[in-house]
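Peer 1: Supplied in structure tokens, the structure appears directly below.
There are 2 protein chains.
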Amino acid sequence: MTRPFNFSAGPAALPEEVLQQAASEMLDWHGSGMGVMEMSHRGKEFISIAQQAEADLRALLAVPTSHKILFMQGGALAENAILPMNLSRAGRTDYVITGSWSQKSAKEARKYSDVHIAASNEADRHTRLPAPGSWQLSDDASYVHVCSNETIHGVEMHELPDLAALGSRAPLVIDCSSHILSRGIDWSRVGVAYGGAQKNIGPSGLTLIIVREDLLGHALPITPSAFDYRIVADNESMYNTPPTYAWYIAGLVFQWIQRQTEVTPAGPVSGLAAMEARAIAKSSLVYDFVDGSGFYFNQVARDCRSRMNIPFFLHDESLNDAFLSGAKAAGLLQLKGHKSVGGMRASIYNAMPMAGVQALVDYMKHFATTHG
Amino acid sequence: MTRPFNFSAGPAALPEEVLQQAASEMLDWHGSGMGVMEMSHRGKEFISIAQQAEADLRALLAVPTSHKILFMQGGALAENAILPMNLSRAGRTDYVITGSWSQKSAKEARKYSDVHIAASNEADRHTRLPAPGSWQLSDDASYVHVCSNETIHGVEMHELPDLAALGSRAPLVIDCSSHILSRGIDWSRVGVAYGGAQKNIGPSGLTLIIVREDLLGHALPITPSAFDYRIVADNESMYNTPPTYAWYIAGLVFQWIQRQTEVTPAGPVSGLAAMEARAIAKSSLVYDFVDGSGFYFNQVARDCRSRMNIPFFLHDESLNDAFLSGAKAAGLLQLKGHKSVGGMRASIYNAMPMAGVQALVDYMKHFATTHG
């Protein structure tokens, strides 16, 4: 079966193997006589699925025992409120603005804390990242928030800031929704990492929170119990009924990542390293072509470009509709850029094979030749 | 394929036809080249799925145009906070205690409002419902909250209270998680109906809120934007990425209900009426057998018994383990009662066929005969 290539920014394409396995287990998981959707979250079958998924994620991302993994609901947008409810102590919080998502996060946090904008790339129209050395960090912030990959503007932090070296004692919080599991995370620098699942992990409706244990237990009194990190952690993410099916699919995706291998100049790699090698190769293919094309362009500074989300534009925007309809006819779906930015966007998450990216570049080349 | 019968209280069994259709569409929904999990929630494919599901639910439950239908996240436990955030105006709220779930709701609401317990059946150990005429309603409550079916204690309101007739001007709020779509709802008496999906609707991780439009727009300032009914309604439940796959499965369940027919003494019925006729027939079969058995008993007053959740006990509790292991061997799963109540519980939601209930009663009969 040949499926089109789906460049949606999220919910996004999933590995075919994962979907096939999910379909085959839909009515009967491992001889239990139940599909996963039908299992009590407190039964031994689902608990085994849940624990395996957590262990696999912990191994893939090398999450240290100092950090708890929570499986929650609401996506990153709800988390924009849930985070300051849990961590701000109603005091000062620092936000670094690098695009639409960090802007939304800062705006929502104002309901619960005294938000200080430590840095912003708004004057650069979100096309480059403010150097950490230039950030104006507060002395007393409860945390410093960054979005480590901006899905809409296509900027990515290729190194997380070392807040201690910058003179801050605050924990770093990263919204890594749109590049989680495409690269490693330096946990020595991170207090909280959170992300909606619907880009690199699985179905929408699941949010992952990886939180350093000393940051639990400080929720504001108005925090809903179901969103209090301490309560969720103490109940192993089963204080309220978790999104069981999404958790299961996430687990299948984790196992799929574990099975992946890739040959690099430094030798064969697997798991997360294979995902990173592929992300570098796939994104380089697109950026190199765009930069050399004379027909398309990308405005993001080279050292800040996202490996996951590639916004690009045609110099002649009157050709946009023709580009998109031709792409669809060529089996390349959901390439339209976000309405706030315009142009095109190719989201090339873990599940997008190199063949899909090659097909995209081939099409872009052909379109440029016939319309240039 | 013969599957065991699954009596889980939730997440619960789904109709086989629904699971089969979901499996067959997993990699390619209607020739779109995408599975439903992989679709942008803003694309025309998913929007058509979402709108159809909403329209089907509105038709099934005869929801009037005065009420909006919201597809949210967090389940009923999160809703216990989200509801008072949206409706309490930080003032007085009335709660009627009828079991574990209404107790949890009232406890959580104390964070946001001045909770008044208008009535409680705690002295009766949640085995009968306090008559609405005896409720001590406040003059100035923002709403009156009831749980119209208590999943753990197995008590169900077979008629919703008419608050206006009781002298209250407050809107009635019903948590109907565990019996929604098993009977009609008298919307003239209801301001808000809410429920987690994982009993009668679909996968966990989806919460349905049906809210009268005049009750929107009063959220407390600390309400997360993603949980502000007004914002969710204005964005057609797509302010944040909704749980798309759960929404899709819910839609398949709605279509399945529409297709169901049942012959009753009054003639053939279909849709919701068929679900209600089956629920009456299935629950009567169990209750009648239990009452006449001398071996099992149920403590709930007859006019308050739930058609969905039937807790029952063996007079000789030392036989509990033998009962459960024999049930499992007979293909009858998840019959253990909730830990707070003990004994057994058979949850017989819409997806449980009469054949499953008959198999349960046959087993109970046989067990009583061999152990009596």
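Going down the list, the protein sequences come from chains X and P. Under this note's numbering, the first sequence has 64 at position 64, and the numbering climbs by one with no breaks. Start counting at 1 in the second sequence, then tack on 1000, and there's your number in this note's numbering. Just so you know, even glycine gets a beta-carbon here, dropped at the ideal spot from N, CA and C. What you are looking at is a predicted structure, and each value in this text was computed from that prediction instead of being measured.
Given a cut-off of 9 Å on the beta-carbon distance, is the pair Leu-1206 (chain P) and Met-1072 (chain P) in contact?
Peer 2: For the purposes of this step, residue 1206 (chain P) is taken as residue 206 along the second sequence, with counting starting at 1. For the purposes of this step, residue 1072 (chain P) is taken as residue 72 along the second sequence, with counting starting at 1. Closer than 9 Å, so yes.
Peer 1: Using alpha carbons as the reference points, say which of X:Gly-202, X:Thr-127, X:Gln-52 and X:His-116 lies closest to Glu-16 (chain X).
Peer 2: For the purposes of this step, residue 16 (chain X) is taken as residue 16 along the first sequence, with counting starting at 1. The candidate whose alpha carbon is nearest that of Glu-16 (chain X) is X:Gly-202.
Peer 1: What are the boundary residues of the alpha helix (DSSP H) that Asp-1388 (chain P) is part of?
Peer 2: Since the first residue of chain P shown is 1001 and the last is 1372, residue 1388 (chain P) is not available in this structure.
Peer 1: What do you reckon, are the CB atoms on Leu-1163 (chain P) and Arg-1169 (chain P) nearer than 9 Å?
Peer 2: Numbered from 1 along the second sequence, position 163 holds the residue referred to as residue 1163 (chain P). Numbered from 1 along the second sequence, position 169 holds the residue referred to as residue 1169 (chain P). Yes, the pair counts as a contact, with Cβ atoms nearer than the cut-off.
Peer 1: Do the CB positions of Gly-33 (chain X) and Gly-1331 (chain P) come within less than 9 Å of each other?
Peer 2: Within the first sequence, residue 33 (chain X) is the residue found at index 33, counting from 1. Within the second sequence, residue 1331 (chain P) is the residue found at index 331, counting from 1. A distance below 9 Å separates the beta carbons of Gly-33 (chain X) and Gly-1331 (chain P).
Peer 1: Along the stretch 1224–1255 of chain P, where does the CB come closer than 8 Å to a CB of chain X? Name the residues.
Peer 2: Pro-1224, Ser-1225, Ala-1226, Phe-1227, Tyr-1239, Asn-1240, Thr-1241, Pro-1242, Pro-1243, Thr-1244, Tyr-1245, Ala-1246 and Ile-1249
Peer 1: Can you list the residues of chain P that Gln-198 (chain X) reaches, using a CB-CB cut of under 9 Å?
Peer 2: Numbered from its first residue, the first sequence carries residue 198 (chain X) at position 198. Near Gln-198 (chain X) (Cβ distances below 9 Å), the residues of chain P are Met-1037, His-1041, Thr-1241 and Thr-1244.
Peer 1: In terms of residue numbering, what span does the beta strand (DSSP E) encompassing Met-1344 (chain P) cover?
Peer 2: For the purposes of this step, residue 1344 (chain P) is taken as the residue at position 344 of the second sequence. Element bounds for Met-1344 (chain P): 1344–1347.
Peer 1: Does any CB atom of chain P fall closer than 9 Å to the CB of Ser-204 (chain X)?
Peer 2: Here residue 204 (chain X) refers to the residue found at position 204 when the first sequence is read from its first residue. Closer than 9 Å to some Cβ of chain P, the Cβ of Ser-204 (chain X) qualifies, so yes.
Peer 1: Where does Ile-1201 (chain P) sit, in a helix, a strand or coil, going by DSSP?
Peer 2: Locating residue 1201 (chain P) in the second sequence gives position 201, where the first residue counts as 1. Coil.
Peer 1: Kindly list the residues whose CB is nearer than 6 Å to the CB of Gly-74 (chain X), restricted to its own chain and excluding five residues on each side of it in sequence; keep chain order.
Peer 2: Along the first sequence, one-based indexing puts residue 74 (chain X) at 74. Thr-207, listed in sequence order.
Peer 1: Interface residues of chain P around Ile-222 (chain X) at Cβ under 9 Å?
Peer 2: As a working mapping, residue 222 (chain X) is identified with position 222 in the first sequence. Ordered by position in chain P, the residues that pass the 9 Å Cβ test against Ile-222 (chain X) are Ala-1081, Met-1085, Lys-1111, Tyr-1112, Leu-1220 and Ile-1222.
Peer 1: Can you say whether Gly-1271 (chain P) is buried or exposed, counting buried as having 16 or more other CB atoms within 10 angstroms of its CB?
Peer 2: In the second sequence, counting from the first residue as 1, residue 1271 (chain P) sits at position 271. Gly-1271 (chain P) comes out buried.
Peer 1: Just to confirm the assignment, what range does the alpha helix (DSSP H) spanning Pro-1084 (chain P) have?
Peer 2: For this step, residue 1084 (chain P) is matched to residue 84 along the second sequence. 1075–1087 is the span of the alpha helix (DSSP H), which, as asked, contains Pro-1084 (chain P).
Peer 1: Which stretch, first to last residue, makes up the alpha helix (DSSP H) that contains Tyr-229 (chain X)?
Peer 2: Counting from one through the first sequence, the residue named residue 229 (chain X) turns up at place 229. Counting along the chain, the alpha helix (DSSP H) containing Tyr-229 (chain X) begins and ends at 229–234.
Peer 1: Whose C-alpha, out of X:Ala-281, X:Gly-251, X:Ser-318 and X:Asn-121, is nearest the C-alpha of Pro-265 (chain X)?
Peer 2: In the first sequence, the residue the question calls residue 265 (chain X) occupies position 265. Closest option to Pro-265 (chain X), Cα to Cα, is X:Ala-281.
Peer 1: Taking the straight line between their C-alpha atoms, what separation do you get for Ile-174 (chain X) and Ser-142 (chain X)?
Peer 2: Position 174 of the first sequence, counted from the start, is the residue given in the question as residue 174 (chain X). Position 142 of the first sequence, counted from the start, is the residue given in the question as residue 142 (chain X). Straight through space, the alpha carbons of Ser-142 (chain X) and Ile-174 (chain X) are spaced by roughly 14 Å.
Peer 1: Given 8 Å as the limit, is there contact between the stretch 212–220 of chain X and the stretch 246–261 of chain X, that is, 3 or more CB pairs closer than that?
Peer 2: no
Peer 1: Who are the neighbours of Leu-319 (chain X) on chain P, taking C-beta pairs under 9 Å?
Peer 2: Counted from its first residue, the first sequence places residue 319 (chain X) at position 319. Chain P residues near Leu-319 (chain X): none, gap ~22 Å exceeds 9 Å.
Peer 1: Compare the C-beta of Ala-1009 (chain P) against all C-beta atoms of chain X and say whether one is closer than 9 Å.
Peer 2: Numbered from its first residue, the second sequence carries residue 1009 (chain P) at position 9. So, interface residue.
Peer 1: Which ranges does the beta strand (DSSP E) cover as unbroken runs of at least 3 residues, wholly within the stretch 56–143 of chain X, from first to last along the chain?
Peer 2: 67–72, 92–97 and 114–120
Peer 1: Looking at the unbroken beta strand (DSSP E) that takes in Tyr-1239 (chain P), where does it start and where does it end?
Peer 2: As a first step, residue 1239 (chain P) is located in the second sequence; it is residue number 239 there, counting from the start. Looking at the DSSP string, Tyr-1239 (chain P) is not in any beta strand (DSSP E), and its letter there is neither H nor E.
Peer 1: By how many angstroms is the C-alpha of Ser-1148 (chain P) removed from the C-alpha of Phe-1007 (chain P)?
Peer 2: As a first step, residue 1007 (chain P) must be located in the second sequence, where it is residue number 7. As a first step, residue 1148 (chain P) must be located in the second sequence, where it is residue number 148. Cα to Cα, Phe-1007 (chain P) sits roughly 20 Å from Ser-1148 (chain P).
Peer 1: Between Met-1157 (chain P) and Glu-79 (chain X), what straight-line distance do the alpha-carbon atoms span, to the nearest angstrom?
Peer 2: Translated into positions along the second sequence, residue 1157 (chain P) becomes position 157. Translated into positions along the first sequence, residue 79 (chain X) becomes position 79. Straight-line Cα distance between these residues: approximately 36 Å.
Peer 1: Count Cβ pairs between the stretch 342–352 of chain X and the stretch 300–312 of chain X that sit closer than 8 Å; are there 3 or more?
Peer 2: yes
Peer 1: Return the CA-CA distance between Gly-133 (chain X) and Ala-1250 (chain P), expressed in angstroms with no decimal places.
Peer 2: As a working note, residue 133 (chain X) is residue 133 in the first sequence. As a working note, residue 1250 (chain P) is residue 250 in the second sequence. One C-alpha to the other measures close to 50 Å.
Peer 1: For Gly-1356 (chain P), decide whether its Cβ has a neighbour in chain X, counting only Cβ atoms nearer than 9 Å.
Peer 2: Here residue 1356 (chain P) refers to the residue found at position 356 when the second sequence is read from its first residue. Taking CB atoms only, Gly-1356 (chain P) has no neighbour in chain X less than 9 Å away.
Peer 1: Tell me, please, whether the stretch 1285–1297 of chain P touches the stretch 1084–1094 of chain P by the rule of three or more beta-carbon pairs shorter than 8 Å.
Peer 2: no
Peer 1: Flag Glu-108 (chain X) as yes if its beta-carbon sits less than 9 Å from any beta-carbon of chain P, otherwise no.
Peer 2: As a first step, residue 108 (chain X) must be located in the first sequence, where it is residue number 108. It does; some Cβ of chain P falls within 9 Å.
Peer 1: Under a Cβ-count criterion, where at least 16 other Cβ atoms within 10 Å of its own Cβ denotes burial, should Ser-1237 (chain P) be classed as buried or exposed?
Peer 2: Sequence index remark: in the second sequence, residue 1237 (chain P) carries index 237 (1-based). By the 10 Å Cβ count, Ser-1237 (chain P) comes out buried.
Peer 1: Comparing C-alpha positions only, which one of X:Asp-303, X:Pro-130, X:Arg-230 and X:Glu-150 sits nearest to Ala-9 (chain X)?
Peer 2: Sequence index remark: in the first sequence, residue 9 (chain X) carries index 9 (1-based). Considering only alpha carbons, the answer is X:Glu-150.
Peer 1: If we ignore side chains and look at the alpha-carbon of each, how far apart do Ala-1274 (chain P) and Gly-1196 (chain P) end up?
Peer 2: Along the second sequence, read from residue 1 onward, the residue named residue 1274 (chain P) stands at position 274. Along the second sequence, read from residue 1 onward, the residue named residue 1196 (chain P) stands at position 196. Straight-line Cα distance between these residues: approximately 22 Å.
Peer 1: Taking Ser-1040 (chain P) as the reference, give the member of X:Asp-28, X:Gln-198, X:Ile-49 and X:Arg-189 with the closest Cα.
Peer 2: Within the second sequence, residue 1040 (chain P) is the residue found at index 40, counting from 1. Taking only the C-alpha atoms, the option nearest Ser-1040 (chain P) is X:Gln-198.
Peer 1: So is Ser-107 (chain X) buried or exposed if we call it buried at 16+ other beta carbons inside 10 Å?
Peer 2: On the first sequence, residue 107 (chain X) is found 107 positions in, with the first residue counted as 1. The question names Ser, but residue 107 (chain X) in the sequence shown is Lys. Exposed is the call here.
Peer 1: Would you please verify whether the beta carbon of Glu-1150 (chain P) is less than 9 Å from any beta carbon of chain X?
Peer 2: Here residue 1150 (chain P) corresponds to residue number 150 of the second sequence, with the count starting at 1. Chain X contact via Cβ: absent.
Peer 1: Given a cut-off of 9 Å on the beta-carbon distance, is the pair Ser-283 (chain X) and Ile-180 (chain X) in contact?
Peer 2: The residue labelled residue 283 (chain X) in the question sits at position 283 within the first sequence. The residue labelled residue 180 (chain X) in the question sits at position 180 within the first sequence. Contact: no.
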